[in-house]
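**Q**
Numbering (our numbering), first residue to last: 126 to 373.
Below is the structure:
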């Protein structure tokens, strides 16, 4: 893991590695059209985003009241880079737990949220009723060329969220990454068939490994990169990657 990340560690490698183990402050996204959430533990605000020191206060208050949704700031990047427009038909192919699908719905998109496990979709039912599909993203039973935007938040090594998934570091090896890369390429190729001719696709992970990010997004035949965003974890956000792709 350290070997693969060495090129990204900069001139302060100890601090960069320590950041991988740091749990960011709880972050929320204000729901569209709702008042700005307020509370004693509010640490910081940036547009529609808020950070909190007391999870209990925000979960039992503004989140329970529907003013905001829990979402890491980095997990907002895939939606932002896509620039979704109201009434667009959007597929979130690996949707659970649903933060990005909800953000797309808040913009006014017509969202279909799909995931392999129906049990994972169950937690999203209250927010996105009637828009959930239990589906294997590698062989989706969905109309080809139907979607203005397809989002693929692919399974990955979780190296950008090691503070929340500490066990992921022990799974990180060449064999595991090769298996993940095969799955990521399958999902991206499958998603590409579902995108309308003039549509676009977003590929995202919660990894900081170029082997799962740039190496996958930059190599899809027939598609070109319009933009990408890589994030290293710190006290305000987890690590991750998002890339916007269109047909070449």
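Don't be surprised by glycine CBs; every beta carbon is placed ideally from N, CA and C.
(1) DSSP three-state label for residue 248, please.
(2) Would you say the segment 310-320 touches the segment 263-276, given that touching needs at least three Cβ pairs under 8 Å?
(3) Residue 282: buried (16+ other C-beta within 10 angstroms of its C-beta) or exposed?
(4) DSSP three-state label for residue 243, please.
(5) Whole angstroms is fine: what's the gap from residue 182's alpha carbon to residue 343's?
(6) Identify whether residue 166 lies in helix, strand or coil by the three-state DSSP scheme.
(7) Just to confirm before moving on: does the CB-CB distance between residue 219 and residue 279 stay below 8 Å?
(8) Please go through the segment 338-372 and give each complete beta strand (DSSP E) segment of 3 or more residues, from N-terminal end onward.
(9) For residue 330, which three-state DSSP category applies?
(10) Give the C-beta separation of residue 169 and residue 176 to the nearest angstrom, bearing in mind that I take them to be a contact with Cβ-Cβ under 8 Å.
(11) Taking the Cβ atom as the reference point for each residue, do residue 235 and residue 215 lie within a distance shorter than 8 Å?
(12) Count the other CB atoms, across all protein chains shown, that sit within 10 Å of the CB of residue 188; report buried if there are 16 or more and exposed otherwise.
(13) Taking the alpha helix (DSSP H) that residue 308 belongs to, which residues open and close that run?
(14) Touch check for the segment 349-361 and the segment 197-205: three-plus C-beta pairs under 8 Å?
(15) Of all Cβ atoms in chain B, is any one closer than 8 Å to the Cβ of residue 183?
(16) Who are the near neighbours of residue 352 in its chain, counting only those whose CB is closer than 8 Å to its CB and skipping five residues on each side?
**A** Considering the structure as presented:
(1) DSSP places residue 248 in coil when its eight states are reduced to three.
(2) Touching, yes.
(3) Looking at its Cβ environment, which holds 16 or more other Cβ atoms inside 10 Å, residue 282 is buried.
(4) The answer is helix: DSSP assigns residue 243 an H, G or I state.
(5) Taken atom to atom, the span from the alpha-carbon of residue 182 to that of residue 343 is near 42 Å.
(6) Looking at residue 166 - three-state DSSP - the assignment turns out to be coil, as it is neither helix nor strand.
(7) Yes; because the gap between Cβ atoms is below 8 Å, this pair is in contact.
(8) Taken in chain order, the complete beta strand (DSSP E) segments of 3 or more residues contained in the segment 338-372 are 348-356 and 365-372.
(9) Reduced to three states, the DSSP call for residue 330 is strand.
(10) Residue 169 to residue 176, Cβ: 4 Å. Contact.
(11) Taking the C-beta atoms as reference points, residue 215 is found nearer than 8 Å to residue 235.
(12) Classified as buried, residue 188 has 16 or more neighbouring CB atoms from the shown chains inside 10 Å of its CB.
(13) Per DSSP, residue 308 is one residue of the alpha helix (DSSP H) stretching across 299-319.
(14) Yes, the segment 349-361 touches the segment 197-205.
(15) No chain B appears in this structure, which consists of one protein chain only.
(16) Closer than 8 Å at the Cβ level, and outside the excluded window around residue 352, lie 206, 368 and 369.
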